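Worksheet for the structure shown next.
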Amino acid sequence: MKAMYRWLWAALLAMALVATQANARAADEDGYDLWLRYRPLTGAAQAALRAHASALVYSGQPSPTAAAALAELRRALAGMLGQAPATGAVAQDGALVLATPASMPALSGMDLKLDALGAEGYLLRSMRLQGRRVTLIAANTDIGLLYGAFAWLRAQDSGAPLANLDQRSAPALQLRLLNHWDNLDRSVERGYAGQSIWNWWELPGIRARRYTDYARANASIGINGTVLNNVNAAPEMLSPAYIAKSAALAAALRPYGIKVYLSVRFSTPLELGATKSADPLDPAVAAWWRAKADEIYRAIPDFGGFLVKANSEGQPGPQDYHRSHADGANMLAAALAPHGGVVMWRAFVYADDKPTDRAKQAYDQFKPEDGHFASNVVVQVKNGPIDFQPREPVHPLFGAMPRTSLMMEVQITKEYLGFATHIAYLGSLYEEVLRSDTHTGPNANDSVAQVLAGQRISGMAGVSNIGSARNWSGSHFDQANWYAYGRLAWDPQASARAIAQEWAAQTFSPDARVAGPIVDMLMMSREAVVDYMTPLGLHHLMGTGHHYGPAPWVADLKRPEWNPVYYHRADHDGIGFDRGASGSDAIAQYAPELARQYADPRTTPEKYLLWFHHLPWTYRMPSGRTLWDELVLRYDSGVAQTRAMQARWSALKPLIDAERYDDVAARLAVQVEEAQWWRDASIAYFQSKSQLPLPPGVKPPPLPLDAYKARSFPFAPGRG
Ligand code: GCV
C-alpha cells in the first residue's frame with residue numbers, strides 16, 4: 006500500500022513539474038509577426054524602455070510615411086509597455102523625437118551632419134533638446150525617419166543601451182529590391198510558402214491588410230522596391246486591368262518607401278496583338294512601349310521600372326530579331342527615361358545552340374556589350390555563373406563591365422537548398438559572395454560589395470521567399486533569410502553573424518540562452534547543406550525540374566546543361582569540371598590574379614576545387630586524404646552538422662513557444678532524414694564510378710543505387 010502511495014505521489018509530482026514547465030513556456034506564436042513582435046516586457050527591461058520612450062514627439066502634420074513611423078513606434082511601445090505613449094510636439098524628458106529639417110527647422114543648425122545621410126539615411130542620438138534629455142531620430146526625409154524608427158526598435162530589441170545611442174546609417178546601394186516570381190494564377194515559381202501573397206483576382210477592389218504588413222516588414226530592413234511578378238512574365242501583366250491591380254498594390258506600399266516594378270515579357274506588344282513584331286528597332290514597337298510606359302506612370306506616378314528576362318530559357322528577346330541585349334534594353338529604357346524609370350536587364354542567359362560551358366555564356370554575351378547600355382539600364386547578374394547553387398564562385402561579370410551599371414541578384418527562396426524544409430541560413434552565403442575579392446580594380450581589394458556600391462545605378466535583388474503562408478516564408482527559420490537579405494542590401498559589408506544575432510533576438514528572444522544556440526544553428530546551417538548536397542565545388546546535382554533531392558545520375562535530358570552529369574563529369578578516373586585552359590577555360594573570364602589562383606588545383610580554394618578542376622579520385626588533398634576519401638567524409642560531415650543543429654534545437658524546447666518549437670523540430674527531423682538521403686545516394690552513385698572502397702569506419706549506403714534512382718516526386722512544389 007505504502008509503495009502505491011509513493012508511486013502516486015511521485016506521479017503527481019512529475020505531472021506538476023511538467024505542468025509548471027509547460028506554463029513557463031511562452032505563449033504560442035504562428036510567426037505572422039516576424040521580427041516585429043513587440044511582446045510585453047516586464048521588470049527592469051520595461052522600466053528601461055519606459056525611461057527612453059515616455060512620449061513621441063513630432064511637429065506638424067505628418068506625411069503618410071512619417072505617420073507610418075509614428076504608428077510603428079506607437080504599436081511597438083503599446084505592445085511592449087502595455088500602453089501607447091503620449092504624442093505631442095514639445096520635447097520632454099525621455100521623449101523620442103522624430104524630426105527632419107522640414108518638420109523641425111532648428112535641426113539644420115545643430116551640426117548633425119545630416120547631409121551625409123542622403124535621402125534615406127537616419128541618425129539616432131541620445132542628446133539634450135530644448136533642455137530635455139531625449140532620443141533624437143533624425144533624417145533628411147520621412148522615409149529616413151521610418152528607417153530610423155525601425156533602427157531604434159531594433160536597437161531596443163537587441164538590448165542596446167538606449168541611454169547612449171549614437172548611430173548613423175545610410176544605405177550603400179540605391180536599389181534594394183525583392184523579385185517575386187509570382188504568376189497571375191497565384192502560383193509561385195520556386196516558391197515554397199504557399200500561394201502568391203498577391204491576390205490578383207481580388208485586386209484592385211480588395212486590398213488585404215497583409216500588403217501593409219508586408220510593407221512594414223520590408224521597410225524595417227530597408228527594402229525599397231518590389232518586382233511584383235515572375236521574370237517568366239505573362240503579357241497580360243501590362244493590360245489595363247493588371248496595371249490597375251499593380252496600382253492598388255503600389256498605393257499600399259508607397260507610405261513605406263517601397264516602389265513597384267514589373268517584369269515584362271519582351272514580346273508583349275506582339276502577343277497582345279498590338280504590333281506585328283517585337284523587334285526593338287521597329288518604330289511601331291518602340292512607340293507601343295512608350296505609350297505603355299506613359300499609361301503605367303499615369304496609374305503609378307512613382308513606378309520603378311521594368312525587369313526583363315530575355316533570350317534565356319525560352320523567353321523571347323531582341324536576339325530573336327538579330328539585335329543585341331543593349332538594343333532591347335535601350336528601347337525599353339527610352340520609354341521609361343522621361344519618367345525616371347530604370348530597366349533591369351538580366352544577364353542570366355544560356356542557350357541550347359551554344360555548345361560552350363554554361364558558366365561562360367553570360368560573360369561571353371555581355372562583356373562585349375559593355376558601354377552600349379543606356380544610362381537608366383542596369384544589368385542584373387546572379388551571384389554565381391550557374392544558378393543559385395549552395396555554393397558558387399562569384400560571377401566573372403562583377404567588375405568586368407566598368408562602363409555599365411551592374412546589380413546583383415541572389416535567391417532568398419531556397420530552390421536548390423532544401424526548399425522551406427531545410428534550415429540553410431543564406432546570410433552566410435550572401436556574406437561570402439559580397440566579401441569575395443574580384444581583383445578587378447586598381448585597389449588590392451575590390452570585393453563584390455565594393456564593386457556593387459560603386460555602380461552608377463547600384464543595387465541588389467533578392468528572389469523572394471514570401472507567400473501566403475501564415476508565417477510568410479513557409480518555415481520560421483526562412484524568415485531569417487529575408488531579414489538577412491534586406492540588412493545586407495542596406496549594408497553589404499555587414500556581418501552575417503551579427504545579423505543572425507539581431508534576427509534571433511527579435512524573432513525569438515534576446516536571452517543569450519535562446520539567441521546563442523539559434524545563432525550557432527544558423528551559422529552552421531549553410532555549410533552543412535553544402536557538405537551533404539554538393540561538397541568541394543560540386544554543383545547542380547539536384548532532381549530534374551523541381552530540383553528536390555539528389556539525382557547526380559541524370560544523363561538523358563534534351564539539353565546537356567540540364568543534366569547533372571554535365572556538371573560533375575565523374576567517371577572511373579576522377580571527378581569535376583575542368584574549367585582551365587585544357588577544359589572550357591571559364592577561368593580566363595576572371596581577373597588575372599584570380600585566374601592564376603584558380604588555374605592550379607593547389608591554389609584553388611578547396612570549396613571550389615571540383616568547380617574548376619577534374620581530378621583523379623586519388624588526388625591528394627591538403628588534409629593528406631585522397632579526393633575520394635575527402636568527398637565521402639564531407640558527406641558524413643554534412644549529416645553530422647545537421648544532427649548537431651537538431652540537438653541544439655531540442656535543448657531549446659523549454660525556452661521556445663510550443664507552436665514554433667514543434668514546427669522547427671518537425672522540419673529538422675525531415676532535414677536530418679534528407680541529409681542522410683543526399684549522402685547515401687551521392688556516395689552510392691559516385692562509388693559506382695570510382696569503384697573505390699569507403700574509408701575505414703564509414704557506413705555504406707543502406708540501399709542499392711537503383712533504389713535511390715527510382716524515387717520520383719511528380720508533385721514537388723515550386724515549378725510555377
Ligand atoms: C524564373 C532557374 C530556375 C527557374 C528560373 C530561372 C531564372 O533556372 O530554375 O525557375 O526562372 O532560374 O532565374 O530565370
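Under the numbering used here, think of the first position of the sequence shown as 6, with each following residue one higher. Idealized CB from N, CA, C, for every residue including glycine. Quick caveat: nothing in here was measured; it's all calculated off a predicted structure.
- Going by DSSP, K264 is part of the beta strand (DSSP E) stretching over K264 to S268.
- If you draw a straight line from the Cα of H573 to the Cα of A489, it comes to about 31 Å.
- By the neighbour-count criterion, in which a residue is buried when 16 or more other Cβ atoms sit within 10 angstroms of its Cβ, F378 is buried.
- Judged by pairs of C-beta atoms under 8 Å, the region 136-148 does not touch the region 214-223, as fewer than three such pairs exist.
- Taking 7 Å as the cut-off, the C-beta of W567 does not count as close to any heavy atom of ligand 1.
- Only exposed fits P610, as fewer than 16 other CB atoms lie within 10 angstroms of its CB.
- Taken in chain order, the complete alpha helix (DSSP H) segments of 4 residues or longer contained in the region 610-681 are 614-617 and 632-656.
- G153: member of the alpha helix (DSSP H) spanning D147 to D162, first to last residue.
- At the C-beta level, Q506 and R42 stay beyond 8 Å of one another.
- Where A76 is concerned, the enclosing alpha helix (DSSP H) starts and stops at P69 to L86.
- When DSSP assignments are scanned along the region 169-255, the uninterrupted stretches of beta strand (DSSP E) that are 3 or more residues long and fall wholly within it turn out to be 171-174, 180-184 and 230-232.
- Residue nearest to L151 within the set V102, A663 and N169 is V102 (criterion: CA-CA distance).
- Around the Cβ of E397, a 10 Å sphere holds 16 or more other Cβ atoms; the residue is buried.
- Between the region 469-480 and the region 338-356, the count of Cβ pairs shorter than 8 Å is below three; the stretches do not touch.
- Annotated three-state conformation of R42 is coil, per DSSP.
- Secondary structure at R518: helix, using DSSP grouped into helix, strand and coil.
- Out of S693, M538, A656 and L660, the CA that lies nearest to the CA of A575 is found in S693.
- The region 152-160 and the region 106-120 do not touch, with fewer than three beta-carbon pairs separated by less than 8 Å.
- Taken atom to atom, the span from the alpha-carbon of L258 to that of G230 is near 9 Å.
- By the Cβ-count criterion, W206 is exposed, with fewer than 16 other Cβ atoms from all chains shown falling within 10 Å of its own Cβ.
- DSSP lists L183 and V415 as the bridge partner or partners of G467.
- Look at K314: its beta carbon is less than 7 Å from one of the heavy atoms in ligand 1.
- If only complete runs of 4 or more residues are kept, the region 421-476 shows the alpha helix (DSSP H) at 431-440 and 453-458, in order along the chain.
- Relative to ligand 1, F353 has its C-beta within less than 7 Å of a heavy atom.
- Assigned with DSSP and collapsed to three states, V535 falls in helix.
- Judged by pairs of C-beta atoms under 8 Å, the region 419-429 does not touch the region 444-459, as fewer than three such pairs exist.
- For the pair P522 and A656, the CB atoms are nearer than the 8 Å cut-off.
- Nearest to L614 by alpha-carbon distance, out of V703, A175 and E635, is E635.
- Listed as beta-bridge partners of M529 by DSSP are no residues whatsoever.
- The beta carbon of W203 sits closer than 7 Å to the beta carbons of D187, L233 and L254 from its chain, once the five residues preceding and following it are set aside; these are given in chain order.
- One Cα belongs to G702, the other to W633, and the distance between them is close to 15 Å.
- With respect to L411, Q460 sits close: the two C-beta atoms are nearer than 8 Å.
- Excluding its 5 nearest sequence neighbours in each direction, Y368 has C-beta neighbours in its own chain below 6 Å: P401, L402 and Q594, listed in chain order.
- Three or more beta-carbon pairs separated by less than 8 Å are not found between the region 601-608 and the region 637-650, which leaves the two stretches without contact.
- The DSSP-derived three-state label of Q511 is helix.
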